[in-house]
Each structure stands twice: as structure tokens, then as C-alpha cells.
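First comes the structure, then the notes that go with it.
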Amino acid sequence: MLVLGLVDIPIWAQLLILLVGMVIAYVVYMSWDYNMFKKMGVDGPKPSLVVGNMGMFMSEGIVKAEQNLYTKYGKIFGTFEGRLPNLFIADPKLLKEILVKDFNSFVNRRDFDQMDGPLRDSLLSIQDDHWRFVRNMITPTFSGKKLKEMGPLLRQAGDLLIEMLEAKAAKNEDTSLKETFGAYTIDCIARTAFGLEINTQRDPDDPFIKHSKAFTESTIMVVQIMIILFFPFLAWLPRLFQSMGINLNKNATNFFVSVTETALKERRQNPGNHADFLELMAHSQAANEESSKTEGVTASPGSSRKTLTDAEIRSQALLFFLAGYDTTSNSLMFTFYHLAIHTDVCDRVMQEVDDNLGKEKPDYDNIKKLTYMEMVIEETMRIFPAASRIDRIASRDVTIGNVKIPKGMIVNIPVGAIQMDPEYWTDPDKFDPERFTPEAKANRDPYTYLPFGAGPRNCIGVRLAMMEQKMCMAQVLQHFRPVRSERTDCPPKISKLGNTVTDEGLWIKFEKRS
């Protein structure tokens with residue numbers, strides 16, 4: 306190639322110039338908005354080219370990095386995921402504005418439209434009026450009456466758990482809390498969501514365990530997220546693959562879709578034989594269809610629907626599984642860890658179980674008496690919240706406090722950092738269930754404790770999650786005492802990806818009670 310008719314530039318040099326130009330354009334594109342927070346008057350760490358502030362999250366871990374940023378920059382700060390700005394707000398008064406008072410400006414969570422697939426119609430992903438409709442349809446599923454009907458299903462899973470712990474205790478073996486309560490939680494969800502009796506607690510290779518890990522421990526999912534963050538102009542690729550039938554988690558997706566469709570079909574053919582989530586959804590669907598025919602009532606303004614589609618039911622069932630798996634199993638894991646470490650707390654919880662239940666099997670009603678146990682669970686979730694961060698998207702330009710938030714801005718609430726702030730929690734590293742007495746709760750701002758979120762878009766399954774944990778703990782403590790062993794890490798080794806332990810697990814022993 307001749308330049309100005311004078312210099313002949315070889316092909317390799319042309320390609321090199323093109324490559325350098327593309328790299329420069331990419332760096333400029335990824336770093337173009339790095340002065341955004343300065344314009345907003347928001348402090349924060351200086352972003353690095355292309356990666357933004359992702360380096361500190363990768364090196365320190367998500368929870369620790371957010372705690373350090375919170376300590377250094379205060380209750381409002383900004384970071385960048387690649388070129389994507391993230392505004393962090395941790396002031397309880399402002400959180401009330403975001404989560405409750407001005408909820409309509411922050412209805413939606415982060416847009417995972419590119420992540421398409423079986424969760425695309427779930428409460429996690431859908432937005433605005435679609436979310437309101439599905440949430441209203443599902444809410445009755447978690448009523449006290451429905452939860453009471455699910456109690457026996459949870460107790461059956463608990464009976465299997467006791468059997469497995471007895472085998473360990475007889476051999477004086479350590480128990481992996483991560484694996485044990487992961488399998489137990491999957492069993493509970495299979496029973497309460499799908500009405501299935503599975504073998505996860507006896508068989509670590511059970512397909513439910515295998516395929517659930519394909520979602521919750523998926524490297525493919527991480528790759529997709531990295532594409533969206535660092536190559537936003539390629540964010541359409543995962544969606545294109547999906548439309549072409551190329552699903553990167555195909556086996557796991559097909560497994561859960563098949564399980565859901567089979568169970569849903571059985572409910573319609575034999576209604577009224579189950580007390581699980583799908584039975585309630587199918588019954589609600591049938592009842593609303595009949596009601597629509599006879600009454601002509603509509604679901605919401607502008608909509609003629611009064612019932613969920615099969616796709617929506619499948620998505621909620623899968624979300625029910627995924628949302629309840631890691632969260633509840635992690636909470637149980639850390640709660641039993643604390644009982645093993647803090648023998649005085651363990652003694653008091655066991656005494657409460659003995660005094661109120663004796664040998665009576667735990668159920669929806671009698672576990673309400675276990676108030677100190679609930680305090681122990683709540684203190685565990687303060688130190689190790691399953692979701693260390695809550696996110697919302699500004700649906701319009703809005704001013705919160707003195708900060709003008711533009712439409713589309715991601716607003717993060719660093720739950721883990723707030724719940725370890727000494728301004729709200731004296732000696733925050735100390736495990737102290739007394740923080741959750743009725744008197745202590747009444748004197749504390751409720752927006753300093755958000756393990757299940759708050760407001761209209763809080764965790765819909767919070768009551769079921771607490772019921773599952775209390776029933777499990779009551780059953781176990783009627784038979785065993787959790788104790789520290791030589792393999793118990795104190796403190797636990799926490800994964801950099803969130804509030805869970807590393808692959809090495811967390812180990813204690815369960816001693817048979819006399």
C-alpha cells in the first residue's frame with residue numbers, strides 16, 4: 306500500500322496499525338465515562354483503564370472490597386464494572402426512599418435480558434407491570450395456610466437428614482456443613498416446589514445436585530457476565546445463541562424444564578394430591594381461568610390476563626429452586642457453625658427446643674415458640690448475609706438526598722457492609738444474638754438490617770426460608786449437639802465471590818444426645 310504515493314507500507318504493518326487503532330478505540334470506549342461520578346459529586350476509587358474497579362473486587366473479594374470502600378468513602382460512593390457505573394448507597398434514610406417511598410423510581414433489578422433462558426420470565430428478571438402481575442399472582446402461595454401445608458414435606462426431608470447425621474455420629478466422623486445442608490436444602494425444594502422425593506441426601510451424585518451446581522457454580526455464567534462487562538458491544542451474543550437453540554447450560558436447563566413440565570402435567574391430571582408450589586400454581590391457574598370465563602375480570606389495567614402462562618410457572622419454579630438453594634443452605638451452614646463455636650448459645654437454643662417441643666415433631670405452629678433460635682438465625686444472617694448486595698435500576702431521573710441519579714443508573718446497596726458498620730452494631734465482629742431482642746429491634750433503624758431486602762420487591766420467600774431453617778434446626782437439635790472439631794476453620798475461609806465458604810468447606814461434628 307502506497308501512502309501519499311511515496312511510502313509503501315507492507316501488509317503486516319497495515320494490520321498492526323489497524324490492530325493498534327482498534328485497541329486505542331476500545332480503551333477510549335471502555336473508559337469514556339470514567340468522570341461520571343465526579344460530575345455527580347460522588348467520591349470513589351479511581352478506575353483503571355478498561356477494567357474500571359473490577360481489580361479490587363477480584364483480589365479482595367466482593368464482600369471485603371465493599372466493606373473497605375464503605376469504610377473509606379462513606380455511605381455514598383461510585384465504582385465501575387468495566388465501563389458500567391455503579392452507585393453505592395448505604396444511608397438508611399436514603400435506602401427507605403429507594404426501597405419504599407420512591408419505589409416506583411426503582412422498581413427493577415439489573416437488566417439481565419442478555420442472560421435469557423429459563424429464568425427470563427421469573428421474578429428475578431421481569432420488570433415493571435409484568436413483575437407486578439406475576440408477584441401478585443404468586444404472593445398467595447406463601448400465605449400462612451400454604452406454608453402450614455408444606456410443613457410435613459420439610460419434616461420428611463429433616464427425617465432423612467437425621468438419618469445421615471446418625472451414620473456420621475456413629476463413626477465419629479466430621480460433617481461437611483456445605484455438602485450436608487446443600488443436599489438437605491435441595492431435598493426440601495424438590496418436595497415443596499415439585500412434590501418430588503429425591504435422593505440428594507444419600508447420593509452426592511444425584512442429578513438434582515449435579516444440575517443445580519451447573520447453575521450456581523457455573524463458569525459459563527461467569528464468562529457471559531465478563532462478556533457483558535468487558536465487551537458490552539458483544540452483549541447480544543448470549544441472546545443470539547439462545548435464539549439459535551444454543552444453550553450454554555443446556556443439560557441443566559433441559560433437566561429442570563423437563564422436571565417442571567412433568568410435574569405440572571401430573572398436577573393437572575391429578576389435582577389436589579399435593580401441597581407443593583406447582584400444585585398451588587396449577588390450581589391458581591385453573592381457578593383463575595374459570596373465574597375469567599364466568600366473571601370476565603381482568604388481571605390489571607390494559608391486560609386481559611388473570612393467570613400465569615406455563616413459561617411463567619416454569620420460570621418461577623426454577624427460581625424457587627435456585628433462590629432457595631444457596632441462600633438457605635448457607636444460612637444453615639453458618640448457623641450450625643456458630644452453635645458449634647459458641648457453646649453457651651448452643652446450650653440456650655437446645656434448652657429452648659427441649660422446653661417448647663420436647664419430643665414433639667416441629668411444625669409450622671410450634672416453631673413460633675423458638676424465639677431465641679430465631680435471634681440466632683438473624684444474627685448469623687447479619688454477619689453472613691446470603692445476598693451481600695441488593696441492586697436496583699433508576700427507571701427515571703431522580704434525586705435521592707443530594708445526589709441526582711440519571712435514568713438507567715445501577716444503584717447498589719452494600720448489605721454486608723451496612724450490617725458490619727460499628728455505627729449501628731457495637732463490636733460488629735462479635736456473634737451476639739441479643740442484638741435481635743424485640744427491644745433492640747425497636748430501637749434500631751430497620752434499614753440497617755436487610756438480609757431479605759425491604760419494600761415491595763423484597764424476598765417473596767422470606768417466611769418459607771425462616772420456617773425451613775427453624776424446622777431443620779429443631780429436628781437436628783432434638784437428636785444432636787453440634788461441636789467443633791479439628792477440621793473446623795475459625796474463622797471460616799470465605800469465597801471471594803460472596804458470603805459462602807471456599808471449596809474446602811466448613812466442617813464440624815454432630816454428637817448424639819443421650
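Sequential numbering of the sequence shown, starting at 306, is according to this note's numbering. In this text, a Cβ means the ideal position worked out from N, Cα and C, and glycines have one as well.
Where residue i sits in the DSSP three-state scheme
i	result
A604	For A604, the pLDDT reaches just 44, beneath the cut-off of 50, and the residue's location in the model is therefore unreliable, although a value from the coordinates is still provided. Note: A604 maps to coil in three-state DSSP.
I695	strand
S597	Interpretation of S597 is limited by its pLDDT of 43, a score under 50 that renders its predicted location unreliable; the figure taken from the coordinates is listed afterwards. Helix.
N661	helix
T505	coil
Q419	The predicted position of Q419 is uncertain, since its pLDDT is 47 and thus under 50; a value taken from the coordinates is nonetheless stated next. Helix.
N373	helix
S563	helix
T614	coil
T480	strand
N413	strand
I316	helix
S636	helix
V347	coil
K775	helix
W436	helix
F757	coil
A580	coil
T685	helix
K673	helix
C493	helix
N575	coil
Residues that residue i bridges to, as DSSP identifies them
i	result
F382	F393
F815	P787
G357	S353 and E386
K709	T704
I718	I695
I799	V806
Euclidean distance between Cα positions of residue i and residue j
i	j	result
K801	S517	20 Å
F411	A622	25 Å
M359	K712	23 Å
A747	F736	20 Å
R789	F408	45 Å
L399	F560	43 Å
D696	V703	16 Å
L585	T446	6 Å
L613	A474	47 Å
N556	C777	31 Å
M678	R653	9 Å
E744	T807	36 Å
C651	S819	16 Å
K351	A370	14 Å
A462	K406	40 Å
A616	I494	19 Å
E566	Q574	12 Å
D649	M655	10 Å
I322	F362	34 Å
Closer than 7 Å: residue i CB and nearest the ligand GDP heavy atom
i	result
G487	By its list of ligands, the structure shown contains no ligand whatsoever, and the ligand GDP lies outside what it can speak to.
Pair within 8 Å by beta-carbon distance, residue i and residue j
i	j	result
E386	N373	no
D581	A645	no
M680	T753	no
Q506	L466	yes
L392	I682	no
L637	F513	no
T480	W812	yes
R440	I799	no
Q719	Y375	The question names Gln, but residue 719 in the sequence shown is Pro. Against a cut-off of 8 Å, the Cβ pair of Y375 and P719 comes out as a contact.
S693	V368	yes
L624	L429	yes
T805	D660	no
G760	L404	yes
L675	K775	yes
K453	Y642	no
K380	A395	yes
R414	I698	yes
M725	P738	no
V781	L583	no
Assumed close pair residue i, residue j - CB separation to whole angstroms, cut-off 8 Å
i	j	result
G721	P690	6 Å
F815	P787	6 Å
E468	P509	Their Cβ separation, rounded to whole angstroms, is 15 Å, which puts E468 and P509 out of contact at 8 Å.
I672	M772	7 Å
D426	S620	4 Å
Cutoff 8 Å: residue i Cβ touching any chain D Cβ
i	result
F757	The structure shown contains no chain D; it is built from a single protein chain.
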